[in-house]
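Enquirer: If you scroll down you'll find the structure; I have some questions about it.
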Amino acid sequence: MTGTMPTTRITADPQVCVGSGMCALTAPDLFDQSDKDGTVLVLQPLPADARIGDAEEAVRGCPSGALRLAEGSAE
Amino acid sequence: MNDMVCPYLTNGLPKVRERPLDPPAIFGQLRAEEPIAPMTFPDGARGWVVTGYEQARTILADSRFSSKAAQKHLAFASDLATDFDLEKDLPPAQFEHMDPPEHTRYRKLLTAEFTVRRVKTMVPQIERIAAGRVAAMRAKGRSADLVKDFSVPMSAHVICELLGIPEEARARFEELSTQALSLDKKPEETKAVLDGLVGLIGEVAMGKLEQPGDDLLTRLIHGGQLEPAEILGVLLLLLVAGHETSANMLSLGTYTLLREPEQLAKLRADEALVENAVEELLRYLTIVHIGVQRTPTEDVELAGVTLKAGETALIHLPSVNRDPERFPDPDTLDVTRRAAGHLTFSHGIHQCLGQQLARQELRVGFTTLLREFPELRLDADPADIPMRDNMTIYGVHRLPVAW
Ligand code: HEM
Ligand code: SF4
């Protein structure tokens, strides 16, 4: 592995999610909701730099606290 | 008058608004001085009123606060006899008034019905419903009551589509649920209407047993997770939570746009603004004007005050959405502002389940009205339009319009 770039990783806890859809509304390219129980699906766990602003807004807007941004690493 | 004394609320929320679209001025004063202030509910219980945005969000996201019905209080002093006991008389499955894990169980069974993607698939249906109301309005001539002729039937029809109430039962369903809205909430009248609705839903459900459809009611019945009484309860909750709210938002939103010609012109000039305009109207109007209530299950220290276990906090959503620290120039309607983050649909695990449907319904509703009636105007002196001051959901009782 050559030099992993530190980057922002989105994590979601479907147990905590209440299916409000706020994330999918804010950033439909990053988040969707499962057809089975409406809980969050992260479409892009490692968003492009240009999308980090919206990812942050989605995390702030999430009513249940199911979303987190962490320093991840691109593998 | 003594400026030094903070204006404590000693008998629930005040009803008198100085201006029809702004919350009573006392709340602005409270927010500036004491964003979490003591208040006494009309039943004599001591609690708190929360008017600051950050404080409200913190409480609504805190699992030490309970939503159970037993601790909630009437917010307005009322002269109607209220022998309706929220806890005792509640049908089953009213998860708006439950905590986890009970709340979680019901909510998770329903969330798939309300996802952003699922609601998008309903847009053509919603558009057809709105077009049908426009046709009915045109058939009447050049004026109508927007409440009775557009918003209330449109909202009822959308709920019917969502639940899967078949065509032949829809007229009865719409009539009963409309009565439920227009009642001044005398307990025995409310009960008769509720009984009628329960009977009708029961009939429809029997039909779905034999003839399943592609709808929420069919999925609940055939999912095998809920008892029949719970299914009835869920349907009643969706109806109560979804019909009156969307209908009032459609009417009050239109009234507001007609009174703000500059904002209306911006929206007419650029239809794509509607998403943003809906968000801003939701913020600005905050029709759940009695707010929401949460009760600490243990003593909680917050922003310099101690909320003792059992002392219910009323989160006053209209003031929270006018917090200048969160929304600059908050008392100005601006359809181009970033209004996202408003708490009109609450926050935390109870945040409105139907919010994506409500948004879609409002976008289609306003777009259709503006497109179909380029000359839409109020057909009465704005001062003569009766406001729903003492109702649970704010709005207008009537809205005469002409085109
Ligand atoms: C503009 C329209 C609407 C507004 C302003 C609104 C507002 C709200 C608010 C403030 C709550 C939270 C109550 C709390 O925190 O204690 C709520 C919950 C709820 N709403 Fe809405 N609502 C609207 C439309 C709808 C629609 C269309 C539906 C469904 C058809 C719906 C179904 C529900 C349900 C089921 C809950 C309870 C959620 C839970 O406890 O988990 N609402 N709504
Ligand atoms: S915003 Fe939060 S609660 Fe809502 S669907 Fe996304 S993860 Fe779930």
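Protein sequence lines, in the order shown, are assigned to chains A and B. Counting in my numbering, the first sequence runs from 2 upward without gaps. Counting in my numbering, the second sequence runs from 980 upward without gaps. Backbone N, C-alpha and C define an ideal beta-carbon position, used for all residues, glycine too.
Classify A/Ile53 as helix, strand or coil using the three-state DSSP reduction.
Expert: Here residue 53 of chain A refers to the residue found at position 52 of the first sequence. Three-state result, A/Ile53: helix.
Enquirer: Taking 7 Å as the cut-off, is the beta-carbon of B/Ala1040 closer than that to any non-hydrogen atom of ligand 2?
Expert: Counting from one through the second sequence, the residue named residue 1040 of chain B turns up at place 61. Result no, Cβ not under 7 Å from ligand 2.
Enquirer: State the start and end residues of the unbroken alpha helix (DSSP H) segment that holds B/Ala1220.
Expert: Along the second sequence, one-based indexing puts residue 1220 of chain B at 241. Its alpha helix (DSSP H) spans residues Pro1207 to Arg1238.
Enquirer: Should B/Glu1140 be counted as a contact of ligand 4 given a C-beta to heavy atom distance under 7 Å?
Expert: Ligands present in the displayed structure are limited to ligand 1 and ligand 2, and ligand 4 is not among them.
Enquirer: Would you mind telling me which residues of chain A sit closer than 8 Å to B/His1326, beta carbon to beta carbon, in chain order?
Expert: Against the second sequence, residue 1326 of chain B aligns to sequence position 347. Within 8 Å Cβ-Cβ: Pro64.
Enquirer: Going along chain A, which residues have a C-beta under 9 Å from B/Ala1087?
Expert: Within the second sequence, the letter at position 108 stands for residue 1087 of chain B. Note that residue 1087 of chain B is Lys in the sequence shown here, rather than Ala. Neighbours of B/Lys1087 on chain A, chain order: Val19, Gly20, Asp38, Gly39 and Thr40.
Enquirer: Can you tell me whether B/Phe1074 is helix, strand or coil according to DSSP?
Expert: Against the second sequence, residue 1074 of chain B aligns to sequence position 95. DSSP places B/Phe1074 in helix when its eight states are reduced to three.
Enquirer: Using a beta-carbon distance cut-off of less than 7 Å, what residues from the stretch 1070-1102 of chain B approach chain A?
Expert: Within the stretch 1070-1102 of chain B, the qualifying residues are Arg1086, Lys1087, Thr1090, Ala1091, Phe1093, Thr1094, Val1095 and Arg1096.
Enquirer: Put B/Ser1156 into one of helix, strand or coil per three-state DSSP.
Expert: Within the second sequence, residue 1156 of chain B is the residue found at index 177, counting from 1. Note: B/Ser1156 maps to helix in three-state DSSP.
Enquirer: Does the Cβ of B/Leu1217 have 16 or more other Cβ atoms within 10 Å, making it buried, or fewer, making it exposed?
Expert: Within the second sequence, numbered from 1, the residue matching residue 1217 of chain B stands at position 238. Buried, by the Cβ-count rule.
Enquirer: Give a yes or no on whether the minimum CB-CB distance between A/Ala56 and chain B is below 8 Å.
Expert: Working through the first sequence from its first residue, we reach residue 56 of chain A at position 55. It does not; no Cβ of chain B falls within 8 Å.
Enquirer: Would you call B/Asp1124 buried or exposed, if buried means 16 or more other Cβ atoms sit within 10 Å of its Cβ?
Expert: Position 145 of the second sequence, counted from the start, is the residue given in the question as residue 1124 of chain B. Result: buried.
Enquirer: Could you name the residues of chain A that B/Gly1270 contacts, counting a contact when the two beta carbons are closer than 9 Å?
Expert: Numbered from its first residue, the second sequence carries residue 1270 of chain B at position 291. Those within 9 Å of B/Gly1270 in chain A number zero; the least Cβ separation is about 16 Å.
Enquirer: Relative to the C-alpha of B/Val995, which candidate in B/His1268, B/Val1299, B/Asp1360 and B/Ser1225 has its C-alpha closest?
Expert: As a first step, residue 995 of chain B is located in the second sequence; it is residue number 16 there, counting from the start. Here the closest residue by C-alpha is B/His1268.
Enquirer: Pick from A/Gln34, A/Val19 and A/Pro15: whose alpha carbon is nearest that of B/Leu1083?
Expert: Translated into positions along the second sequence, residue 1083 of chain B becomes position 104. For the record, residue 1083 of chain B in the displayed sequence is Thr; it is not Leu. Among A/Gln34, A/Val19 and A/Pro15, the Cα nearest to that of B/Thr1083 is on A/Val19.
Enquirer: Between B/Phe1074 and B/Leu1246, what straight-line distance do the alpha-carbon atoms span, to the nearest angstrom?
Expert: Position 95 of the second sequence, counting from 1, holds the residue named residue 1074 of chain B. Position 267 of the second sequence, counting from 1, holds the residue named residue 1246 of chain B. When rounded, the distance between both Cα atoms is 37 Å.
Enquirer: With a threshold of 16 other CB atoms inside 10 Å of the CB of B/Asn990, please say whether the residue is buried or exposed.
Expert: Mapped onto the second sequence, residue 990 of chain B falls at position 11. It is exposed - the Cβ of B/Asn990 has fewer than 16 other Cβ atoms within 10 Å.
Enquirer: Under 8 Å, do B/Thr1390 and B/Leu1264 count as touching if we go by C-beta distance?
Expert: Because chain B spans 980 through 1382 in this model, residue 1390 of chain B falls outside it and cannot be assessed.
Enquirer: Does the distance between the C-beta of B/Arg1036 and the nearest non-hydrogen atom of ligand 1 fall short of 7 Å?
Expert: In the second sequence, residue 1036 of chain B corresponds to position 57, counting from 1. No - ligand 1 has no heavy atom lying nearer than 7 Å to the Cβ of B/Arg1036.
Enquirer: Can you tell me the Cα-Cα spacing of B/Ser1298 and B/Phe1006, whole angstroms?
Expert: Residue mapping note: residue 1298 of chain B aligns to position 319 of the second sequence, counting from 1. Residue mapping note: residue 1006 of chain B aligns to position 27 of the second sequence, counting from 1. Near 6 Å, if we compare the C-alpha coordinates of B/Phe1006 and B/Ser1298.
Enquirer: For A/Ala25, return the contacting residues in chain B, with the cut-off set at a CB-CB distance below 8 Å.
Expert: As a first step, residue 25 of chain A must be located in the first sequence, where it is residue number 24. Simply Thr1094, Val1095 and Arg1096.
Enquirer: Using 8 Å as the threshold, is the C-beta distance between A/Arg69 and A/Val60 below it?
Expert: Within the first sequence, residue 69 of chain A is the residue found at index 68, counting from 1. Within the first sequence, residue 60 of chain A is the residue found at index 59, counting from 1. In this structure, A/Val60 lies closer than 8 Å to A/Arg69 by Cβ.
Enquirer: Considering only the beta carbon of each residue, do A/Thr9 and A/Glu72 sit closer than 8 Å?
Expert: Position 8 of the first sequence, counted from the start, is the residue given in the question as residue 9 of chain A. Position 71 of the first sequence, counted from the start, is the residue given in the question as residue 72 of chain A. Contact: yes.
Enquirer: Taking contact to mean at least 3 C-beta pairs separated by less than 8 Å, is the stretch 37-55 of chain A in contact with the stretch 1116-1134 of chain B?
Expert: No, because fewer than three Cβ pairs between the stretch 37-55 of chain A and the stretch 1116-1134 of chain B fall closer than 8 Å, the two stretches do not touch.
Enquirer: Since B/Gly1202 meets chain A, which of its residues come closer than 7 Å, beta carbon to beta carbon?
Expert: Numbered from its first residue, the second sequence carries residue 1202 of chain B at position 223. In chain order: nothing, as chain A lies at least about 11 Å away.
Enquirer: Between which two residues does the beta strand (DSSP E) containing B/Val1029 stretch?
Expert: Residue mapping note: residue 1029 of chain B aligns to position 50 of the second sequence, counting from 1. Looking at the DSSP string, the run of the beta strand (DSSP E) that includes B/Val1029 is Arg1025 to Val1029.
Enquirer: Between which two residues does the beta strand (DSSP E) harbouring B/Arg1273 extend?
Expert: Position 294 of the second sequence holds residue 1273 of chain B. It spans Val1271 to Pro1275 - the beta strand (DSSP E) in which B/Arg1273 sits, taken as one unbroken run.
Enquirer: Could you tell me which chain A residues have their CB closer than 7 Å to the CB of B/Gln1034, listed as they occur along the chain?
Expert: Counting from 1 along the second sequence, the entry for residue 1034 of chain B is found at position 55. The premise fails here: B/Gln1034 is roughly 16 Å from chain A at the closest Cβ pair, so nothing lies under 7 Å.
Enquirer: Reducing DSSP to helix, strand and coil, say where B/Arg1247 ends up.
Expert: Along the second sequence, one-based indexing puts residue 1247 of chain B at 268. B/Arg1247: helix per DSSP, three-state reduction.
Enquirer: How long is the line joining the alpha carbons of B/Pro1191 and B/Val1183, rounded to whole angstroms?
Expert: As a working note, residue 1191 of chain B is residue 212 in the second sequence. As a working note, residue 1183 of chain B is residue 204 in the second sequence. So the alpha carbons of these two residues sit roughly 11 Å apart.
Enquirer: State yes or no: is the C-beta of B/Ser1225 within less than 8 Å of the C-beta of B/Glu1340?
Expert: In the second sequence, the residue the question calls residue 1225 of chain B occupies position 246. In the second sequence, the residue the question calls residue 1340 of chain B occupies position 361. Yes, they are a contact pair.
Enquirer: Nearest to B/Ala926 by alpha carbon, out of B/Thr1371, B/Ala1035 and B/Pro999?
Expert: Examination of residue 926 of chain B is not possible in this model, given that chain B is present from 980 through 1382 alone.
Enquirer: Do B/Val1380 and B/Arg1367 come within 8 Å of each other at the CB atom, strictly closer than that value?
Expert: Residue numbering aside, residue 1367 of chain B sits at position 388 when the second sequence is read from its first letter. Residue numbering aside, residue 1380 of chain B sits at position 401 when the second sequence is read from its first letter. Not in contact: B/Arg1367 and B/Val1380 (Cβ atoms no closer than 8 Å).
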